[in-house]
Amino acid sequence: QVQLVESGGGLVQAGGSLRLSCAASGNTVRINAMAWYRQAAGKQRELVATISSGGNTNYADSVKGRFTISRDSVKNTVYLQMNSLKPEDTGVYYCNARKSWADYWGQGTQVTVSS
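The number in this note's numbering is simply the position in the sequence shown, starting from 1, with 2 added.
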């Protein structure tokens with residue numbers, strides 16, 4: 003089992019920045035990739051950014067150039083630096099860890115961007 007705990011969400015004005023953290027614990031061996039997803043009220047959960055065990059990153063088109071995903075392998079922590087935030091970035095942000103046979107999720111952290 004892998005436990006994921008997100009932190010860093012909050013209320014910010016449009017144009018502002020936040021940094022989310024996701025601390026992984028438990029059986030973190032052989033995690034292939036980690037990712038951030040978000041879910042706005044009344045909408046489906048969507049992929050925001052991923053980072054592979056080798057450090058390769060991918061982003062949703064809507065956040066490219068504004069968000070940066072990174073990881074600290076020593077601390078087993080993944081970060082999401084969010085700049086130039088927009089009201090449409092509002093939602094619950096979830097951390098995900100993927101192994102070959104399973105997906106693990108955190109409890110989510112709320113991000114609210116006011117206009």
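Every residue gets a Cβ at the ideal spot worked out from N, C-alpha and C, and that includes glycine.
Just so you know, these numbers come straight off a predicted model, no measurement behind them.
Bridge partners - residue i, DSSP secondary structure assignment
i    : result
W38  : A51 and C97
R32  : Partner(s): none; R32 has no beta bridge.
K115 : Note on identity: in this sequence residue 115 is Val, with Lys being the wrong assignment. Answer is V14.
S27  : Q5
S86  : Answer is none; S86 lacks a bridge partner.
For residue i, three-class secondary structure by DSSP
i    : result
D131 : A question about residue 131 goes unanswered here, because the residues of the chain that appear run from 3 up to 117.
G67  : coil
R21  : strand
Q15  : strand
V80  : strand
S75  : coil
Limits of the beta strand (DSSP E) - the one that residue i falls within
i    : result
N60  : T59 to Y61
W103 : Premise fails: W103 is in no beta strand (DSSP E) and is neither H nor E.
Cβ-Cβ distance between residue i and residue j below 8 Å
i   : j   : result
L87 : S19 : yes
N98 : A25 : no
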